[in-house]
Amino acid sequence: MTLFDISKSLNIKTDEVNTFNVKGLNTLQDATSLEISFLENKKYLSDLKDTKAGAVFVTSDFVNDVPLNTIALVCSNPYLSLAKASKYFAPKVVETSGREAIVGANCTIMKNVNIGFNTTIGSNCILMAGAFIGDNVTIGDNCTIYPNVTIYRDCIAGDNLTIHAGTVIGSDGFGFANTSDGKYIKIYQNGNVIIGSDIEIGSNTSIDRAAFKSTIIEDGVRIDNLVHIAHNCKIGKGSIITGQCGFAGSSVLNEYVIVGAQSGVAGHLEIAPFTTISAKSGVTKSITEPKKQWAGFPHMEHRPWLKLQGRINKLLKG
Numbered sequence: 003m004t005l006f007d008i009s010k011s012l013n014i015k016t017d018e019v020n021t022f023n024v025k026g027l028n029t030l031q032d033a034t035s036l037e038i039s040f041l042e043n044k045k046y047l048s049d050l051k052d053t054k055a056g057a058v059f060v061t062s063d064f065v066n067d068v069p070l071n072t073i074a075l076v077c078s079n080p081y082l083s084l085a086k087a088s089k090y091f092a093p094k095v096v097e098t099s100g101r102e103a104i105v106g107a108n109c110t111i112m113k114n115v116n117i118g119f120n121t122t123i124g125s126n127c128i129l130m131a132g133a134f135i136g137d138n139v140t141i142g143d144n145c146t147i148y149p150n151v152t153i154y155r156d157c158i159a160g161d162n163l164t165i166h167a168g169t170v171i172g173s174d175g176f177g178f179a180n181t182s183d184g185k186y187i188k189i190y191q192n193g194n195v196i197i198g199s200d201i202e203i204g205s206n207t208s209i210d211r212a213a214f215k216s217t218i219i220e221d222g223v224r225i226d227n228l229v230h231i232a233h234n235c236k237i238g239k240g241s242i243i244t245g246q247c248g249f250a251g252s253s254v255l256n257e258y259v260i261v262g263a264q265s266g267v268a269g270h271l272e273i274a275p276f277t278t279i280s281a282k283s284g285v286t287k288s289i290t291e292p293k294k295q296w297a298g299f300p301h302m303e304h305r306p307w308l309k310l311q312g313r314i315n316k317l318l319k320g
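First residue of the sequence shown: 3, per our numbering; consecutive thereafter.
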């Protein structure tokens, strides 16, 4: 669609002369001259001033901060406008035609396995009964996909991968915008999930696809059962995530982070390399110093947390 057509559908005024064919939506940092972005929170104002986006949804308060080569799409609720525009770039849920799947040598494909169009499966793979591999998926060599694993369309997985039963890769991230009367408008999740090599993912884990670009699981990661990794997260090389952990959208774990069971990380936070997060911790701020251990909610360094628990116990006994 052209920018003019999108703007017209959203009741946003724009100049038909300066319109262009819009390729998609993206963040302020990553958008190109053929993409639309948005500014919802003023803490990203510096990203707006440096953006290369062709157009940006903004409120009237920030029009003067939009770069000269970027078209300002002035609206009262940029996040809501983004949500409404996202549906124009959503791919088909299911392809009805395309190239038949390519399956490598020495693969075992059990009964009741679905493999979509334009998909490629490497050599020496095992796909067990009930697995669903969507359209335009790539899976590398030496992978074992256990029963009832679902890999949504457009996702990419490397070599030497094990995914246990019931896990879902590439489901929609939890993205909604509110109208003034409280109605929720879906933000279509038009990215994908990229999984590296030498990775094991436990059963009944969910890794959401990105709203834009990719949710990324780097090489050598180990993920336990019942873990939720939200849209646009990045899990760094060699990290270990144990059972029942949750990571809100756009949280970043750097390399070799260990996360104890039932811990949670809030959205848009970054965890330093070689960090250890004790079980049942709640990370509410970014952790910038590497090689430290943290515990509690909200999180604090592990040793002071132990001392605090000891003092609380003494108070209760006293």
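Idealized CB from N, CA, C, for every residue including glycine.
(request) Tell me whether Arg313 sits in a helix, a strand or coil according to DSSP, three-state version. (result) Stepping through the sequence shown from its first residue, residue 313 is reached at position 311. Arg313 sits in a helix when the DSSP states are folded into three classes.
(request) Check the C-beta distance from Gly240 over to Glu257 and give it rounded, since I have them as a contact under 8 Å. (result) Position 238 of the sequence shown, counting from 1, holds the residue named residue 240. Position 255 of the sequence shown, counting from 1, holds the residue named residue 257. Confirmed, about 6 Å.
(message) Whole angstroms are fine: how far does the CA of Phe176 sit from the CA of Leu271?
(response) Within the sequence shown, residue 271 is the residue found at index 269, counting from 1. Within the sequence shown, residue 176 is the residue found at index 174, counting from 1. Rounded to the nearest angstrom, the gap between the Cα atoms of Leu271 and Phe176 is 17 Å.
(request) At 3 residues or longer, and completely inside the segment 138-196: list those beta strand (DSSP E) runs for me, N to C. (result) At a cut-off of 3 residues, the continuous stretches assigned as beta strand (DSSP E) that sit fully inside the segment 138-196 are 163-165, 170-173, 178-180 and 186-188.
(request) Mind reading off the beta-carbon distance from Tyr148 to Ile171? Whole number of angstroms is fine, and I expect it under 8 Å. (result) Taking the first residue of the sequence shown as 1, we reach residue 148 at position 146. Taking the first residue of the sequence shown as 1, we reach residue 171 at position 169. Tyr148 to Ile171, Cβ: 12 Å. No contact.
(message) Taking 6 Å as the limit between beta carbons, can you name the residues of its chain near Ile203, skipping five residues before and five after?
(response) The sequence position of residue 203 within the sequence shown is 201, counting from 1. Taken in chain order, the residues that qualify are Ile165, Thr169 and Ile225.
(request) Count the other CB atoms, across all protein chains shown, that sit within 10 Å of the CB of Ala159; report buried if there are 16 or more and exposed otherwise. (result) Position 157 of the sequence shown holds residue 159. Buried, because 16 or more other Cβ atoms sit within 10 Å of the Cβ of Ala159.
(request) Have a look at the DSSP bridge pairing and note the partners of Met302. (result) The sequence position of residue 302 within the sequence shown is 300, counting from 1. Looking at the DSSP assignment, Met302 forms a beta bridge with Ala297.
(message) Between the alpha carbons of Ile14 and Ala167, how many angstroms are there, rounded?
(response) Mapped onto the sequence shown, residue 14 falls at position 12. Mapped onto the sequence shown, residue 167 falls at position 165. Taken atom to atom, the span from the alpha-carbon of Ile14 to that of Ala167 is near 47 Å.
(request) Go through its chain and collect everything with a Cβ distance to Asp221's Cβ below 6 Å, but skip five positions before and after it. (result) Along the sequence shown, one-based indexing puts residue 221 at 219. Result list for Asp221: Gly198, Ser199, Asp200 and Lys239, in chain order.
(message) Starting from Asp49, trace the alpha helix (DSSP H) in both directions and tell me its first and last residue.
(response) In the sequence shown, the residue the question calls residue 49 occupies position 47. For Asp49, the enclosing alpha helix (DSSP H) stretches over residues Leu47 to Asp52.
(message) By the DSSP assignment, the beta strand (DSSP E) with Asp210 in it spans what residues?
(response) In the sequence shown, residue 210 corresponds to position 208, counting from 1. Where Asp210 is concerned, the enclosing beta strand (DSSP E) stretches over Ser208 to Asp210.
(request) Report the residue from Val229, Pro292, Ser252 and Ile289 whose alpha carbon sits nearest the alpha carbon of Ser265. (result) Along the sequence shown, read from residue 1 onward, the residue named residue 265 stands at position 263. The shortest Cα separation from Ser265 among Val229, Pro292, Ser252 and Ile289 belongs to Val229.
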